[in-house]
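**Student:** Residue numbers (my numbering): 11 to 317.
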């Protein structure tokens with residue numbers, strides 16, 4: 011999430027809207043956890059749900075960051091009595107959270123962002139195989155299950171390595187009272203390591219573009235396949251089911267891509283007092299939507315679950 015100071019005249023209404031979406035996030039994720047626990051044996055027979063359940067872990071983490079850091083910040087901002095003020099030689103700096111908590115939330119946020127990104131790539135690959143090599147994703151053999159588990163494990167490792175790097179470089183959220191915004195800062199990163207961190211940031215843009223291109227190819231492939239089906243048979247029904255599942259996956263990924271785009275735009279807003287509160291609000295809504303929509307889409311996949 012991204013944070014900046016809001017205009018008091020409209021901060022309450024924005025906060026109420028975010029709280030409502032936050033409640034939807036909490037309820038939808040609780041429901042999905044119950045479904046995954048109760049129907050694990052049946053759902054895990056479909057390898058797509060193995061990947062999807064891992065992705066939902068990371069979308070839930072994005073929701074956690076919003077509910078445990080972003081919303082409390084705005085609540086504290088409204089209630090000035092809860093703010094601590096520390097004097098310095100140059101200005102008064104407001105402290106909303108402890109430094110360890112800010113560092114913890116920052117690393118959870120990085121883990122969630124790259125986890126969503128990498129598992130979105132894995133889901134896109136899974137959907138591509140579903141239309142290009144249907145037998146591969148319908149394979150219920152032990153060896154294919156092991157391969158799916160290994161691929162998820164590798165993605166977890168890549169997702170975890172990046173926040174570990176940020177942790178050892180002492181990166182965290184820092185509140186700037188003059189600019190009225192939280193920003194990221196790494197205290198132990200030299201110029202060479204900063205280049206590496208920028209490469210990781212641009213990696214997210216490259217992965218997002220690659221996944222969008224892959225989804226476009228899948229849509230084209232399925233459209234052609236659907237046109238070739240002259241009768242309503244099993245094949246055409248399967249194609250319709252694949253299109254529905256694909257659309258649901260694309261909806262969430264488009265939200266994530268939009269979130270990346272807004273974050274990219276915010277990084278180019280001049281830091282000379284320009285109010286970027288509207289962009290920040292959109293970014294936070296997108297993060298909450300990502301955490302809410304995927305579980306809702308999962309609950310809507312009743313037709314696919316029956317297979």
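Just so it is clear, CB atoms sit at the ideal spot from N, CA and C, and this is done for glycine as well. Please read all numbers here as calculations on a predicted model, not as lab measurements.
(1) Return the bridge partner residues of residue 184 from the DSSP annotation.
(2) Assign residue 106 to one of three DSSP states: helix, strand, or coil.
(3) So, using beta-carbon positions, are residue 289 and residue 264 closer together than 8 Å?
(4) Taking residue 45 and residue 158 to be in contact with their CB atoms under 8 Å, please state how far apart those CB atoms are, rounded to whole angstroms.
(5) Would you give the residue range spanned by the alpha helix (DSSP H) that residue 71 belongs to?
(6) Determine the burial state of residue 197: buried for a count of at least 16 other Cβ atoms within 10 Å of its Cβ, exposed for fewer.
(7) Under 6 Å Cβ to Cβ from residue 6, same chain only, skipping five residues before and after it: list those, please.
(8) On the three-pair Cβ rule with 8 Å, is the segment 228-235 touching the segment 199-212?
(9) What does a CB cutoff of less than 7 Å around residue 30 pick up in its chain, not counting 5 residues either side in sequence?
(10) Check residue 123 in the structure and name its three-state DSSP category.
(11) What number of angstroms, rounded off, separates the C-alpha of residue 78 from the C-alpha of residue 235?
(12) Measure the alpha-carbon distance for residue 202 versus residue 56 and round it to whole angstroms.
(13) I'd like the list of long-range same chain contacts for residue 125, defined as Cβ closer than 6 Å, with 5 residues on each side in sequence excluded.
(14) Under the rule that 16 or more other beta-carbon atoms within 10 Å means buried, what is residue 216, buried or exposed?
(15) Measuring only the C-alpha atoms, how far is residue 73 from residue 300?
(16) Is it the case that the Cβ atoms of residue 70 and residue 117 are separated by a distance below 8 Å?
(17) Tell me whether residue 129 is buried or exposed, calling it buried when 16 or more other Cβ atoms sit within 10 Å of its Cβ.
(18) DSSP three-state label for residue 271, please.
(19) Residue 122: buried (16+ other C-beta within 10 angstroms of its C-beta) or exposed?
(20) At least one CB of chain C closer than 8 Å to the CB of residue 72: is that the case?
(21) Please work out which residues of its chain come closer than 6 Å, Cβ to Cβ, to residue 302, disregarding the five sequence neighbours upstream and downstream, and give them in chain order.
(22) Could you have a look at residue 201 and say whether DSSP puts it in helix, strand or coil?
(23) Is any heavy atom of the ligand ZN found at a distance shorter than 7 Å from the C-beta of residue 211?
(24) Measuring only the C-alpha atoms, how far is residue 220 from residue 261?
(25) If you reduce the DSSP assignment to three classes, tell me which class residue 25 lands in.
(26) DSSP three-state call for residue 289: helix, strand or coil?
(27) Report the rounded CA-to-CA distance for residue 114 versus residue 292, giving the unit in angstroms.
(28) Applying the 10 Å Cβ sphere with the 16-neighbour rule, what's the burial state of residue 195?
(29) Take the Cβ of residue 108 as the centre, count every other Cβ of all protein chains shown within 10 Å, and call the residue buried at 16 or more, exposed below.
(30) Which of helix, strand or coil does DSSP assign to residue 137?
**Tutor:** Per the coordinate set shown:
(1) 193
(2) coil
(3) no
(4) Actually they are not in contact, since the Cβ atoms of residue 45 and residue 158 sit about 20 Å apart, beyond 8 Å.
(5) 57-75
(6) exposed
(7) Outside the modelled stretch of the chain, which goes from 11 to 317, sits residue 6, for which no answer is possible.
(8) no
(9) none
(10) helix
(11) 46 Å
(12) 44 Å
(13) 68 and 169
(14) exposed
(15) 8 Å
(16) no
(17) buried
(18) helix
(19) buried
(20) Any reference to chain C falls outside this structure, which holds one protein chain only.
(21) 34, 35 and 38
(22) helix
(23) Ligands are entirely absent from the displayed structure, and the ligand ZN is therefore not among its contents.
(24) 16 Å
(25) helix
(26) helix
(27) 24 Å
(28) exposed
(29) exposed
(30) helix
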